[in-house]
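Trainee: Per my numbering, residue 569 is the first one in the sequence shown, and the count goes up by one each step.
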Amino acid sequence: MKLIFLIIVALANLESIASEATTETQTEIPILIDVRTNAEWSEGHIETAVHIPLDTILDNIELAASSKEQTIYLYCGSGRRSGKAEKALQGMGYINAKNIGGIKEASSALKLQIISD
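(1) Please return the same chain residues whose Cβ sits closer than 8 Å to the Cβ of Ile599, not counting the five positions on each side in sequence.
(2) Within this structure, are the beta carbons of Pro621 and Arg648 separated by less than 8 Å?
(3) Measuring alpha carbon to alpha carbon, tell me which residue in Leu680, Cys644, Ala674, Ser635 is nearest Asn664.
(4) How about Ile614 and Ala656: are their beta carbons less than 8 Å apart?
(5) Do you know how far the Cα of Ala674 is from the Cα of Met660?
(6) So what's Lys672 in DSSP terms, helix, strand or just coil?
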């Protein structure tokens with residue numbers, strides 16, 4: 569009887585651990601955000617990127633990021649605007665917002681292609 573009880577407890581613990589691991593994995597998927605203008609975006613952007621122009625990033629970040637702990641990679645044309653976005657998001661509590669520079673550097677670092685619609 570004790571053995572059955574221990575097995576049930578162990579299975580319950582495994583289910584709990586698996587659930588926590590799934591939650592952690594979901595929040596650890598990085599988001600790639602292009603903070604350039606609409607015109608720049610339509611000329612080409614990194615595959616998988618989400619477009620949120622710098623002037624709207626504070627109002628729209630919650631549409632892309634599921635939590636303030638999620639890793640957010642930011643890029644623009646040269647790294648200047650993505651640096652501003654990084655500081656603004658960190659000021660809002662997005663502790664893992666990271667400026668990864670201009671589009672070419674970001675594409676190379678992430679090993680992702682620049683595509684156009």
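Just so it is clear, CB atoms sit at the ideal spot from N, CA and C, and this is done for glycine as well.
Mentor: Let me spell this out:
(1) Looking up residue 599 in the sequence shown gives position 31. So the qualifying residues of the chain are Val618, Ala632, Ala633, Gln638, Thr639, Ile640, Tyr641.
(2) Walking along the sequence shown from the start, residue 621 turns up at place 53. Walking along the sequence shown from the start, residue 648 turns up at place 80. No. Outside cutoff.
(3) Here residue 664 refers to the residue found at position 96 of the sequence shown. Asn664 has its Cα closest to that of Ser635, out of Leu680, Cys644, Ala674, Ser635.
(4) Against the sequence shown, residue 614 aligns to sequence position 46. Against the sequence shown, residue 656 aligns to sequence position 88. Not closer than 8 Å, so no.
(5) Position 92 of the sequence shown, counting from 1, holds the residue named residue 660. Position 106 of the sequence shown, counting from 1, holds the residue named residue 674. Cα to Cα, the separation comes out at about 23 Å.
(6) Your numbering for residue 672 matches position 104 in the sequence shown. Correct three-state label for Lys672: helix.
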